[in-house]
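A.B. asks:
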Amino acid sequence: MGCVQTYKRVHNGPRMTVHPNNRSAAPGSVSSRLDVHFELNGSPVDLTVEASDVVCDVLRDQLDLTGTKFGCRIGVCGLCTVLLDGMPASSCLLLAPMLEGRRLTTIEGLGSDGRLDPVQAAFAEEQGFQCGICTPGQILAARALLAHEPDPDEPRIRDWMTGNLCRCTGYASIVRSIRSAANRLAESGGPERSA
Amino acid sequence: MSLDYIRAGTTEDAIAALIRGGDDAKVVAGGTALVLMLQEGFIAPRYLVDIGRIAALGGIRDVGDAVIIGATTTLWQVMTSPLVGRRLPVLVGALGRVATVRIRSVATLGGNLAHGDPRLDPAAVLLALDASVRLAGPDGERWLGLEELFVDELTTAIGPAELVVEIRIPYPDPSSRLTYRKLVGQTMDDYGVVNVAARLDVDDGRCRDARLVLGAVAATPIRVPAAEAVLRGAGIGPAVIAQAAELAREAADPVGDLRGSAGYKCDMVVVEVRRALTELASGPGGPATPAGRWSDS
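Put into structure tokens, the structure is as follows:
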């Protein structure tokens with residue numbers, strides 16, 4: 001596995017430059033720093049990024065959204081899971097410019113004002129986590145599953161959640177949490193498909 | 196060194212950018228393979244040409260005797276397409292074995308083939324389906340069968356300024372039985388130790404035509420013509436299956452790695468080919484269910 005230095009990228013301070021008058025890069029244009037416009041947790045975002053920035057770094061270092069964790073940085077561990085147009089994606093394998101025009105959901109986009117999302121509430125009640133570092137990714141992956149399939153059985157849950165690694169729980173309580181979330185969502189009239 | 200990012204609006208834009216960038220330019224669509232290679236320092240391009248927003252490169256369409264899938268269609272879009280589900284269930288099963296949901300949702304079918312990694316699931320099953328790709332480049336367009344596409348490990352016949360535009364997959368004959376098997380040694384999201392895609396076209400209990408493809412055990416996914424020749428014209432029973440499996444072992448040229456020694460992989464080629472052909476001999480095939488997960492049938 002790569003050397004340790006590659007695991008922590010150093011940035012030259014926050015870059016939150018907003019370019020309200022420069023709505024989109026012209027097709028075919030070339031630049032190493034470029035503007036990207038996307039929807040983040042329901043709000044439009046305009047950012048200037050480096051072409052080689054990966055989304056998990058932009059979220060954490062430029063946008064101070066540290067709910068998205070990172071671990072392996074090679075798309076295997078699932079800690080940095082985000083939802084891209086509602087589907088789980090590894091944000092360590094997404095270049096920031098690829099977000100142009102897309103809809104991104106991070107763990108900060110779930111729930112509101114002290115009210116937990118039903119999936120979050122189910123994880124809390126069923127003890128679907130211990131140390132918590134994998135939990136944002138687990139919850140987002142679970143939420144996408146329930147948006148597509150409101151009533152998954154255990155094999156389907158385990159298949160979908162493959163690759164969201166947890167070194168604490170042994171997964172049983174995660175599966176239980178997702179089943180419980182499915183029931184909660186069914187009672188409350190189904191999952192919001194907008195996640 | 197700075198990395199310039201070009202958002203191509205059209206296929207022509209992308210080709211022009213690739214000509215300008217020369218050897219320093221790489222195409223990016225879903226990025227799941229490319230970003231990994233960037234992060235690990237395997238490649239250091241000066242230009243990235245993003246083809247993800249070119250409308251002409253997306254979509255899935257029925258052309259009567261085949262389905263044509265745009266290069267930037269994600270694996271998830273392919274496997275959830277009702278058309279693909281109806282006509283090519285074996286492809287849906289194989290795509291369901293690719294890594295994780297997070298990769299399937301972002302990785303593209305064209306990118307998967309252009310990457311040229313012999314371990315990737317779609318390549319083997321698309322070879323068994325006689326798929327071909329349409330390439331566009333400075334000298335116009337051309338069609339290439341997958342056997343011509345794959346040249347060596349991570350090396351394809353795609354020219355420096357060429358793009359995969361679309362993938363054409365002929366619908367299998369009604370007599371075709373198809374299966375895809377992937378043996379994994381550690382976790383479900385790992386690369387296969389051995390991948391096997393097999394197709395038997397069966398009339399009155401005899402095999403009219405066959406495809407036998409191995410993945411992950413050579414520099415490219417490979418057909419096994421010697422085994423196909425043995426199967427062709429034969430009634431498919433244990434003796435013929437054992438013979439085909441031995442011929443597959445001879446065709447395999449695996450590298451020993453953390454997923455097993457070369458010898459182990461060769462042994463598993465025999466086992467997995469036998470399982471695949473036995474499944475096709477006994478059943479109607481065309482598995483709607485993703486087969487091959489630790490099953491010891």
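Quick mapping for you: the protein sequence lines, in order, are chains A and B.
Numbering-wise, the first sequence is residues 1 to 195 according to this note's numbering.
Numbering-wise, the second sequence is residues 196 to 492 according to this note's numbering.
Glycine included, every Cβ here is placed at the ideal spot set by N, Cα and C.
#1: Between ILE298 of chain B and chain A, is there a C-beta pair that is closer than 8 Å?
#2: In three-state terms, what does DSSP make of VAL509 of chain B?
#3: What is the residue span of the alpha helix (DSSP H) that ALA182 of chain A lies within?
#4: For the candidate residues B:VAL328, B:ASP245, B:ARG454 and B:LEU442, whose alpha-carbon lies nearest to that of LEU304 of chain B?
#5: Straight-line CA distance for ARG103 of chain A to PRO449 of chain B?
#6: Is CYS461 of chain B near ARG427 of chain B, with beta carbons less than 8 Å apart?
#7: Would you call PRO14 of chain A buried or exposed, if buried means 16 or more other Cβ atoms sit within 10 Å of its Cβ?
#8: Per the DSSP calculation, LEU244 of chain B is bridged to which residue(s)?
#9: Quick one: Cα of LEU84 of chain A to Cα of PRO367 of chain B, how far?
#10: Drop a sphere of 10 angstroms on the beta-carbon of THR382 of chain B, count the other beta-carbons inside from all chains shown, and report buried for 16 or more, exposed for fewer.
#11: Taking a contact to mean a Cβ-Cβ separation below 8 Å, would you say VAL346 of chain B touches ASP316 of chain B in this structure?
#12: Count the other CB atoms within 10 Å of the CB of MET16 of chain A; is the residue buried (16 or more) or exposed (fewer)?
#13: Does TYR366 of chain B come out as helix, strand or coil in the three-state DSSP assignment?
#14: Could you give the distance in angstroms between the alpha-carbon of GLY42 of chain A and the alpha-carbon of ARG115 of chain A?
#15: So within the stretch 83-158 of chain A, which uninterrupted beta strand (DSSP E) runs reach at least 3 residues, ignoring any that extend past its ends?
#16: Using the DSSP secondary-structure output, state which residues sit across from ASN498 of chain B in a beta bridge.
#17: Does any residue of chain B bring its CB to less than 8 Å from the CB of VAL54 of chain A?
#18: On the criterion of 16 or more Cβ atoms from any shown chain inside 10 Å, does SER90 of chain A qualify as buried, or is it exposed?
#19: Select from the stretch 142-176 of chain A all residues with a C-beta closer than 7 Å to any C-beta belonging to chain B, and list them in chain order.
#20: Can you tell me the Cβ-Cβ gap for ALA318 of chain B and PRO433 of chain B, rounded? I've got them flagged as a contact below 8 Å.
#21: Just checking: is the beta-carbon of ALA294 of chain B within a distance shorter than 8 Å of some beta-carbon in chain A?
#22: Please go through the same chain and pick out, in chain order, the residues whose beta-carbon is closer than 7 Å to the beta-carbon of GLY340 of chain B, but skip the five residues on each side of it.
#23: So what's CYS402 of chain B in DSSP terms, helix, strand or just coil?
#24: Taking the alpha-carbon positions, what's the ALA144 of chain A to PRO88 of chain A distance?
#25: Looking at ASP46 of chain A and ASP35 of chain A, is the spacing between their C-beta atoms short of 8 Å?
#26: Taking just the CA atoms, how far does ALA422 of chain B sit from ARG23 of chain A?
#27: Below 7 Å on C-beta distance, what does ASP218 of chain B contact in chain A?
#28: Less than 8 Å between the beta carbons of VAL82 of chain A and VAL55 of chain A, yes or no?
#29: Helix, strand or coil for ARG372 of chain B per DSSP?
#30: DSSP three-state label for THR473 of chain B, please.
#31: Just by C-beta distance, which residues in the stretch 229-245 of chain B are closer than 8 Å to chain A?
#32: Please say whether ALA309 of chain B and THR275 of chain B have beta carbons closer to each other than 8 Å?
#33: Can you confirm whether MET274 of chain B, when its beta carbon is compared against all beta carbons of chain A, has any partner nearer than 8 Å?
#34: Report yes or no: is there a C-beta of chain A within less than 8 Å of the C-beta of MET463 of chain B?
#35: Out of A:GLU50, A:CYS80 and A:ALA96, which one is the CA nearest neighbour of GLY132 of chain A?
#36: Does chain A have any CB closer than 8 Å to the CB of ARG314 of chain B?
C.D. replies: Taking the geometry as given:
#1: yes
#2: There is simply no residue 509 of chain B to check, as chain B begins at 196 and stops at 492 in what is shown.
#3: 172-187
#4: B:VAL328
#5: 42 Å
#6: no
#7: Confidence at PRO14 of chain A is low in this model, with a pLDDT of 36, below 50, so its placement is unreliable and the value that follows should be read with caution. Classification for PRO14 of chain A: exposed.
#8: Contrary to the premise, residue 244 of chain B reads as Val rather than Leu in this sequence. B:ILE201 and B:VAL222.
#9: 34 Å
#10: exposed
#11: no
#12: Reliability fails at MET16 of chain A, whose pLDDT of 35 lies under 50, so the model's placement of it is uncertain and the value that follows must be treated cautiously. With fewer than 16 other Cβ atoms within 10 Å, it is exposed.
#13: coil
#14: 17 Å
#15: 87-90 and 103-105
#16: Nothing about residue 498 of chain B can be reported from this structure: the residues present for chain B run from 196 to 492 only.
#17: yes
#18: buried
#19: TRP160, THR162 and GLY163
#20: Wrong, their Cβ atoms sit about 29 Å apart, outside the cutoff.
#21: yes
#22: SER327
#23: strand
#24: 7 Å
#25: yes
#26: Interpretation of ARG23 of chain A is limited by its pLDDT of 34, a score under 50 that renders its predicted location unreliable; no figure is taken from the coordinates.
#27: The contacting residues do not exist; ASP218 of chain B stays about 17 Å from chain A at best.
#28: yes
#29: strand
#30: helix
#31: VAL230, LEU231, LEU233, GLN234, GLU235, GLY236, TYR242, LEU243 and ASP245
#32: no
#33: no
#34: no
#35: A:CYS80
#36: no
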